[in-house]
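There are 2 protein chains.
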Amino acid sequence: MSEQSRIWIDAETKITDAPEDHHEELRLWLRLFSVTRLIENDVRSKLQSQFDVTFPRFDILSQLYRVPDGLILGELSQRLMVSPGNITSVIKRLMEDGLIVRTQNPDDRRENIVQMTAEGRAKFAEMAEANEAWIRDLTKDLTPADIRSLQALLQKLKTSVRRALG
Amino acid sequence: MSEQSRIWIDAETKITDAPEDHHEELRLWLRLFSVTRLIENDVRSKLQSQFDVTFPRFDILSQLYRVPDGLILGELSQRLMVSPGNITSVIKRLMEDGLIVRTQNPDDRRENIVQMTAEGRAKFAEMAEANEAWIRDLTKDLTPADIRSLQALLQKLKTSVRRALG
DNA sequence: TTGTTTTAGTTTAGGTGTCAAGTAATCTAG
DNA sequence: CTAGATTACTTGACACCTAAACTAAAACAA
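Okay, structure coming up:
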């Protein structure tokens, strides 16, 4: 097998090509997963090389950027869909970098609010702009109508998943 | 904020609701990412609790299942879109579990072919069936037409991404 | 009030992920 | 034939990630 042809093979390429509808949902999931990973890998490597920031840190910053009053750690964990135990350590490193601050809520000392520093906001603004340009570039073969349709269908899928999860 | 309302907030919910088309691509990516993570988290936790297998191991097994002759490590790495260094350690553990075997290619001793054992095939068949049922359940609010449209649009997106990546 | 339960976050153990540097085998140009 | 590339894979350092067990604070209930 030539090197050139191998590049285009991935997780969803090789499944049985049965015309019956029985496996279409699985095929859909495999494609969803693979295209997401493809984009995520590209974004991650660009964030790393151009801004020396990891994808998870960027993810946290983008949440906090839109909420100047900050978020409780648990809220952050739910929005990012990652475990609470994970947030703890990533937050610590972002604090060490001076990009966010953390304050205990005096009215409920269990809660800790994190928010961005001015430095964090400035750095994130730069990254976000680049990120948006990357995404526009990656999606440039889609028409506005494609994007609207995809958006709507993904919303419908998400609703379906959430309903199934109870 | 009530607990009930918080559950439904996540990465793509809170972005600015500007009606201009300028941020639609980014919004699309955020939704794609969040719905993928939602499904992946559910599948991972079910694989763990019901079969004591991790998502990455399942991912490797599902590739090997369809290729009885096995795959070279590098091919596996490309298909799964993960780094070669990663494959090494996951493969080692799958071997220790007796689910796969590894053979050096005598014609090119740099290459190592991995393939499933009978035990691996049997265990995977069970998991794959459960997995397909989970996915059907998660997607059950989508019509066959929805699924076909999504499939086609994701294919178009993937082509766009691949073209952009060169 | 006081004992129980719930909630917010941390810690630990272990698996997964990248990148970069390293090794061994093969290829290739001269 | 042989020195320098290239290819396949491994290793090590470090970052993420989850689940489960833990601590501390607050809420609740008798």
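As you go down the protein sequences, you meet chains A and B in turn.
The first sequence maps to residues 0 to 165 in numbering that gives the first Met the number 0.
The second sequence maps to residues 0 to 165 in numbering that gives the first Met the number 0.
For every residue, glycine included, the Cβ atom is placed at its ideal position computed from N, Cα and C.
Item, Value
"Helix, strand or coil for VAL100 of chain A per DSSP?", "strand"
"Whole angstroms are fine: how far does the CA of VAL100 of chain A sit from the CA of ARG56 of chain B?", "38 angstroms"
"According to DSSP, what are the bridge partners of LEU70 of chain A?", "A:VAL113"
"Could you check where the alpha helix (DSSP H) with SER44 of chain A kicks off and where it finishes?", "23-50"
"Quick one: grab the DSSP three-state call for ASP140 of chain B.", "coil"
"Is the CB-CB distance between LEU153 of chain A and ASP41 of chain A below 9 angstroms?", "no"
"Taking a Cβ distance cut-off of 8 angstroms, strictly less, list which residues of the stretch 97-116 of chain B are near chain A, in chain order.", "none"
"When the cut-off is 9 angstroms and only beta carbons count, does ARG120 of chain A lie next to chain B?", "no"
"Residues of chain A with a CB under 8 angstroms from the CB of ASN40 of chain B: which are they?", "MET80"
"Figure out for me which residue from B:GLU74, B:HIS22, B:ARG108 and B:LEU60 has the closest Cα to the Cα of LEU98 of chain B.", "B:LEU60"
"Is there a C-beta anywhere in chain A that falls below 9 angstroms from the one on LEU85 of chain B?", "Position check: residue 85 of chain B holds Asn in this sequence, whereas Leu was assumed. No - not a single Cβ of chain A is within 9 angstroms of the one on ASN85 of chain B."
"Given a limit of 8 angstroms on CB to CB distance, which residues of the stretch 26-38 of chain B reach chain A?", "ARG26, LEU27, TRP28, ARG30, LEU31, PHE32, SER33, VAL34, THR35, ARG36, LEU37 and ILE38"
"Under 9 angstroms between the Cβ atoms of VAL113 of chain A and ILE134 of chain A?", "no"
"Distance, Cα to Cα, PHE50 of chain A vs ARG161 of chain A?", "34 angstroms"
"Can you have a look at LEU37 of chain B and say buried or exposed, based on whether 16 or more other CB atoms are within 10 angstroms of its CB?", "buried"
"What did DSSP end up calling THR53 of chain B once you bin it into helix, strand or coil?", "coil"
"May I ask you to verify whether the stretch 63-72 of chain A touches the stretch 142-158 of chain A, counting CB pairs closer than 8 angstroms and requiring at least 3?", "no"
"Indicate whether the contact test is met: 3 or more Cβ pairs, each with one atom in the stretch 23-31 of chain A and one in the stretch 68-77 of chain B, closer than 8 angstroms.", "no"
"Have a look at ILE6 of chain B and LYS155 of chain B and give me their C-alpha separation to the nearest angstrom.", "A caution first: ILE6 of chain B carries a pLDDT of 35, below 50, which makes its placement in the model unreliable, though a value can still be read off. Taking the straight line joining both Cα atoms gives about 32 angstroms."
"Going by DSSP in three states, ASP145 of chain B sits in which element: helix, strand or coil?", "helix"
"For SER61 of chain A, which of helix, strand or coil comes out of DSSP?", "helix"
"Which first and last residues belong to the alpha helix (DSSP H) in which VAL89 of chain A is found?", "83-95"
"Can you check whether the C-beta of THR15 of chain A is within less than 9 angstroms of a C-beta belonging to chain B?", "Low confidence applies to THR15 of chain A: its pLDDT is 44, below 50, so where it sits in the model is not reliable, and the reading given next is rough at best. Yes, because at least one Cβ of chain B sits closer than 9 angstroms to the Cβ of THR15 of chain A."
"Rounded to the nearest angstrom, what separates MET94 of chain A and ASP68 of chain A at their Cα positions?", "16 angstroms"
"Please classify GLY119 of chain B as buried or exposed, where buried requires at least 16 other C-beta atoms within 10 Å of its C-beta.", "buried"
"Does the distance from the C-beta atom of GLU110 of chain A to that of ILE71 of chain A stay below 9 angstroms?", "yes"
"When you compare only the Cα positions, how much space is there between ALA163 of chain A and LYS139 of chain B?", "8 angstroms"
"Taking only beta-carbon atoms, is GLU125 of chain B less than 9 angstroms away from chain A?", "no"
"Quick one: which chain B residues come within Cβ less than 7 angstroms of ILE146 of chain A?", "GLU23, GLU24 and LEU27"
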